[in-house]
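Peer 1: Letter by letter, the sequence shown follows residues 181 to 738 of this note's numbering.
Glycine residues also receive a C-beta, built at the ideal position from the N, C-alpha and C atoms.
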Amino acid sequence: MSATALTKANEGLSKTTESLKSLGRLQDIPLVRQMMTFAVAAAAIALGLWLFFWTQRPDYAPLPDLDAKTASDARGVLTAAKIPFKIDAATGVLSVPGDKIGEARMALAAGGLGANPDKGFAAMEGDQGFGTSQFVENARYQHALESELARTITNLRPVREARVHLALPKPSAFTRQKEAASASVALQLRPGATLEQGQVDAIVHLVSSSIPGLVAENVTVVDQYGRLLSNPDPDSDAAVSAKQFEQQRRQETVFVHRIQELLEPMTGPGRVRAEVSVDMDFNQSEQASEKFGPDPAIVRSEQLSESGNIAAGPQGVPGSASNTPGAAEQANAQQAQAQAQAQATQTAATNGSRSSVRNYEINRTLTHTRQAPGIIKRVTTAVLVDNLAGPADKKGKPTERALTAQEISKIESLVQQAVGFDAQRGDVVTVVNSPFARQPAAEPEKTPLWENPNALNMLRTLLGGLAVLAVVLFVLRPAFRAITTPKIAVKDDVEAATITSIEHADGEEAPVRPALTQQKIPGVLNFDEKVEVARSAVAADSKHVAALVRDMVNADES
181 MSATALTKAN
191 EGLSKTTESL
201 KSLGRLQDIP
211 LVRQMMTFAV
221 AAAAIALGLW
231 LFFWTQRPDY
241 APLPDLDAKT
251 ASDARGVLTA
261 AKIPFKIDAA
271 TGVLSVPGDK
281 IGEARMALAA
291 GGLGANPDKG
301 FAAMEGDQGF
311 GTSQFVENAR
321 YQHALESELA
331 RTITNLRPVR
341 EARVHLALPK
351 PSAFTRQKEA
361 ASASVALQLR
371 PGATLEQGQV
381 DAIVHLVSSS
391 IPGLVAENVT
401 VVDQYGRLLS
411 NPDPDSDAAV
421 SAKQFEQQRR
431 QETVFVHRIQ
441 ELLEPMTGPG
451 RVRAEVSVDM
461 DFNQSEQASE
471 KFGPDPAIVR
481 SEQLSESGNI
491 AAGPQGVPGS
501 ASNTPGAAEQ
511 ANAQQAQAQA
521 QAQATQTAAT
531 NGSRSSVRNY
541 EINRTLTHTR
551 QAPGIIKRVT
561 TAVLVDNLAG
571 PADKKGKPTE
581 RALTAQEISK
591 IESLVQQAVG
601 FDAQRGDVVT
611 VVNSPFARQP
621 AAEPEKTPLW
631 ENPNALNMLR
641 TLLGGLAVLA
651 VVLFVLRPAF
661 RAITTPKIAV
671 KDDVEAATIT
681 SIEHADGEEA
691 PVRPALTQQK
701 IPGVLNFDEK
711 VEVARSAVAA
721 DSKHVAALVR
731 DMVNADES
C-alpha cells in the first residue's frame with residue numbers, strides 16, 4: 181500500500197515539476213518575455229496618465245435656471261470670456277468649472293443673460309391632469325399672466341428683475357358692486373440705473389392695459405429700496421414736488437457732466453470733481469400790459485353837426501290899444517321899443533350851435549405773458565481739480581505738480597461757459613486745486629489653506645504624482661523583476677525537507693550527501709539535480725519518505 185502511494189506521489193511530483201519546468205521554459209523565450217514587458221509597461225503608463233488627467237480635471241458645477249434659448253446665447257458669452265464649459269447631452273445643463281462659476285455668472289449678467297425660471301404661458305402647454313380643479317386652473321393662469329408681465333417689464337434696460345402681483349376679483353353675476361382689480365409691481369434696478377417718471381408711467385399703463393377692468397390708479401410700482409415710484413394722483417402736491425425736484429436734479433446732473441467732459445481731456449480721467457447747485461423758480465405767473473405808441477395820431481373818422489333858428493317873431497303892439505284915439509304917441513313909443521326887441525330876438529334866433537366828433541387811430545400794444553415754471557434763478561458751481569501729472573523723477577517714479585494761476589483761470593473760464601454763467605443773476609463759480617487723497621490698495625483677505633482652491637488643486641496633483649510613483653515602485657518594478665528572474669519549480673517545504681535532513685521514524689536524523697548539500701543549497705537547483713536529491717532521500721530512508729508521502733496524500737484527500 182505504501183509502495184503504491186509512493187509511486188503515485190512520485191508521478192504527481194514528476195507532473196508538477198514538468199509543468200513548472202515548461203512554464204519556466206516559456207518564460208525563457210525572448211519574444212514572450214518582451215511582449216509581457218511591453219504589456220506591463222503599457223498598462224502602467226495608461227494607469228499613470230489616467231491618474232494624471234484625473235487630478236488635472238476640474239470639478240464642473242451646473243448653472244441652473246437657464247432655458248434652452250438662454251443656454252444657447254450663454255455659449256457665445258462664455259466663449260468670449262474664455263471660460264471653459266460643457267453641456268450635458270442628456271439634460272442640456274450648462275456646466276462650468278467650480279472655481280469659475282462666479283466669473284461665469286458675472287459674465288452672463290453683463291451680457292443680459294440671467295436666470296429665468298418663470299415660463300409664463302409656456303407652463304400651461306403641458307398636460308394639466310384630468311382631475312385638476314377650477315381653482316388650480318385659475319391660479320395657474322394668474323401665475324402665468326404675472327410671469328409674462330414680469331418678463332415684459334424686465335426687457336426695459338434699467339430693470340434687472342421684476343415681480344408682478346395681481347389681485348383679481350372673482351367674477352360673479354349676483355353682485356352689483358364689483359370689487360376693483362389692483363396690481364403691484366416690484367422692480368430691482370441695475371446698479372446705478374434710475375427710472376424716469378415717464379418710464380414709470382409706461383409700466384403702469386402697460387400693466388393696466390393688460391388686465392381687463394384695471395385702472396392705472398390701482399397700479400403700484402416700487403423699487404428694491406421700498407421707494408414708491410408711481411403717483412396715483414399726478415396733480416397732488418407730493419407729485420408736483422417730486423417732478424420739480426427731479427427736474428432740478430436732472431439740470432444739475434447735466435451741468436456736472438458738461439464740466440467733467442470738458443476738463444478731463446486736459447487734466448486726465450478721474451482728476452476732476454464738480455458739484456452744481458441750481459436754484460429754480462417753479463412759480464407760474466401771468467402778466468397783461470397795454471402800451472400806446474408815440475407816433476402821431478391819424479384821423480380815422482370825423483362827424484360834424486350844426487344847428488340854428490333864423491325866423492323873426494311878430495312885431496307891433498298886439499291888441500286894440502294901437503287903434504284907440506289919443507294913444508298914437510304911446511303906440512309909436514311902444515312900437516319903437518318892440519322893434520328893438522324884435523331885432524334882438526332876430527339876432528338871437530340867427531346864432532345857432534355847431535359840433536364836430538373826430539376819431540383818431542392810435543398805435544397801441546397789448547401783451548399777455550405767462551411764465552412757465554422751472555426758470556433758473558441762480559447757479560452755484562464748485563470744481564475741485566487734482567494735481568496734474570509731472571515728469572518722472574530720477575528713479576522713474578511719476579510725480580505731480582500743482583496748477584498755475586493761469587491754468588486755474590482758464591479752467592474757471594471754461595466752467596463759466598459750460599454752465600451759462602450770468603453775473604446779473606448772481607451766479608458763482610469756484611475752482612480749487614488740491615491733491616486728491618490716495619487710499620492704499622486694500623490687502624486681500626487671507627483664505628485658509630483648506631479653503632483655497634489653488635491649494636486643493638496642488639494637493640490633488642501631489643496625490644496623483646504619489647499614485648504614479650506607487651504604481652512604478654510597487655507594480656512596474658516587481659513585474660519587471662518577476663519577468664526577468666527565473667522561477668524555482670519545486671516547493672520550498674519539500675526542497676528544504678530533502679536538502680537539509682530527513683528524520684527517522686524514531687526521531688534520529690539521516691545525513692544527506694554532503695557534497696550535494698554543500699554545493700547546491702546556496703544556488704538554484706535544476707530539474708535533474710532535484711530528481712537526484714529525491715532519489716537520495718528515498719535511498720537513505722525509504723520508510724520516512726513513504727510516511728511523508730502518505731501524509732501528503734491524506735492531506736490532499738481530506
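#1: Just the C-alpha distance for VAL401 and ALA260, rounded to the nearest angstrom, thanks.
#2: Can you list, in chain order, the residues of its chain whose CB lies under 6 Å from that of ASP459, leaving out five sequence neighbours each side?
#3: Please report the distance separating the alpha-carbon of GLU426 from that of ARG356.
#4: What are the start and end residues of the alpha helix (DSSP H) that includes PRO349?
#5: Starting from the C-beta of ILE588, find all residues in its chain whose C-beta is less than 7 Å away, skip the five residues before and the five after it, and write them out in chain order.
#6: DSSP on ASP415, reduced to helix/strand/coil?
#7: Where does ASN613 sit, in a helix, a strand or coil, going by DSSP?
#8: Does DSSP classify GLU774 as helix, strand or coil?
#9: Rounded to whole angstroms, what's the CA-CA distance from LEU607 to ARG453? Just pull it up for me.
#10: Can you tell me whether DSSP reads ILE556 as helix, strand or coil?
#11: With THR447 and ASP566 assumed to form a contact (beta carbons below 8 Å), what rounded beta-carbon distance in angstroms separates them?
#12: Between the Cα of GLU359 and those of LEU484, GLN404, VAL395, spot the shortest distance and give me the residue it belongs to.
#13: Using only the alpha-carbon positions, how far apart do ALA676 and SER722 sit?
#14: Starting from ALA284, follow the alpha helix (DSSP H) in both directions and report where the run begins and ends.
#15: Label ALA270 either buried or exposed according to how many other C-beta atoms from any shown protein chain fall within 10 Å of its C-beta, with 16 as the threshold for buried.
#16: Compute the Euclidean distance between the alpha carbons of GLY406 and SER416, then round it to the nearest angstrom.
#17: Just to confirm, is the Cβ distance from SER485 to ARG534 under 9 Å?
#18: Beta carbon of PHE435, beta carbon of ALA552: below 9 Å?
#19: When the Cα of ASP403 is compared with those of GLU397, LEU375, GLN428, which residue comes out closest?
#20: Assuming VAL595 contacts THR561 (C-beta within less than 8 Å), just tell me the rounded distance between them.
#21: By Cβ distance, which residues of its chain are closer than 8 Å to ALA572, with the 5 residues on each side in sequence left out?
#22: Nearest to ALA221 by CA position, among GLU482, ARG657, LYS710, ILE478, is which residue?
#23: Check the DSSP bridge columns for HIS548 and list the partner residues they point to.
#24: Going by beta-carbon coordinates alone, are VAL420 and GLU482 separated by less than 9 Å?
#25: Which residues in the same chain as LYS671 place their Cβ atom closer than 7 Å to its Cβ, once the five residues preceding and following it in sequence are excluded?
#26: Which residues share a DSSP beta bridge with VAL608?
#27: How big is the Cα-Cα spacing for VAL384 and LEU367?
#28: Taking GLU326 as the reference, give the member of SER362, SER352, ALA353 with the closest Cα.
#29: For ARG370, collect the residues of the same chain with a Cβ closer than 7 Å to its Cβ; drop the 5 residues on either side in sequence, then sort them by chain order.
#30: To which residues does DSSP link ILE478 through a beta bridge?
#31: In whole angstroms, give me the CA-to-CA distance for VAL655 and ASP239.
#32: Run through DSSP, which three-state label would ILE267 get?
#33: For the alpha helix (DSSP H) containing GLY378, list its first residue and its last residue.
#34: Can you tell me which of the three DSSP states GLU317 falls into?
#35: When burial is assigned at 16 or more other CB atoms within 10 Å of the CB, is LEU258 buried or exposed?
#36: Among the residues of its own chain, which have a CB less than 8 Å from the CB of LEU583, if the five just before and after it don't count?
Peer 2: In short, the structure shows the following:
#1: Using only the alpha carbons, I get a separation of about 37 Å.
#2: Taking C-beta separations shorter than 6 Å and ignoring five residues to either side along the sequence, the partners of ASP459 in its chain run LYS557, ARG558, following chain order.
#3: In a straight line, the C-alpha of GLU426 is about 43 Å away from that of ARG356.
#4: For PRO349, there is no enclosing alpha helix (DSSP H), as DSSP gives it neither H nor E.
#5: If we look at ILE588 and ignore the five residues flanking it on each side, its Cβ neighbours are VAL611, ASN613.
#6: If DSSP states are grouped into helix, strand and coil, ASP415 belongs with coil.
#7: Annotated three-state conformation of ASN613 is strand, per DSSP.
#8: What the structure shows of the chain is the stretch from 181 to 738, and residue 774 is not part of that stretch, so it cannot be assessed.
#9: The amino acid at residue 607 is misidentified as Leu; the sequence shows Asp. Rounded to the nearest whole angstrom, the C-alpha separation of ASP607 and ARG453 is 19 Å.
#10: In this structure, ILE556 counts as strand in the three-state DSSP scheme.
#11: About 7 Å separates the two Cβ atoms, so the contact holds.
#12: GLU359 has its Cα closest to that of VAL395, out of LEU484, GLN404, VAL395.
#13: Below a pLDDT of 50, predicted positions are generally treated as unreliable, and ALA676, at 46, falls in that range; no measurement from the model is reported.
#14: From DSSP, the alpha helix (DSSP H) with ALA284 extends over 281 to 290.
#15: ALA270 comes out exposed.
#16: Taking the straight line from one Cα to the other gives about 20 Å.
#17: For the pair SER485 and ARG534, the CB atoms are nearer than the 9 Å cut-off.
#18: Cβ distance not < 9 Å, so PHE435 and ALA552 don't count as in contact.
#19: Nearest C-alpha to ASP403: LEU375.
#20: That belief holds up - the Cβ atoms of VAL595 and THR561 are roughly 6 Å apart, short of 8 Å.
#21: Hits under 8 Å: PRO578, THR579.
#22: For ALA221, the nearest C-alpha among the options comes from ARG657.
#23: ALA468.
#24: With respect to the 9 Å criterion, VAL420 and GLU482 are not classified as neighbours on the basis of their beta carbons.
#25: Because LYS671 sits at a pLDDT of 44, beneath the cut-off of 50, its placement in the model cannot be relied upon, and the point is left open.
#26: Its beta-bridge partners are THR560.
#27: Spanning the two alpha carbons is a distance of roughly 12 Å.
#28: When only C-alpha atoms are compared, the closest one is SER362.
#29: Only PRO338, ARG340 meet the Cβ criterion.
#30: In DSSP, ILE478 forms a bridge with GLU541.
#31: Whole-angstrom Cα-Cα distance: 29 Å.
#32: DSSP places ILE267 in strand when its eight states are reduced to three.
#33: Segment 377 to 390, the alpha helix (DSSP H) holding GLY378.
#34: Helix.
#35: With a threshold of 16 other beta carbon atoms within 10 Å, LEU258 meets it and is buried.
#36: Correct list, in chain order: VAL565, ASN567, LEU568, ILE591, ASN613.
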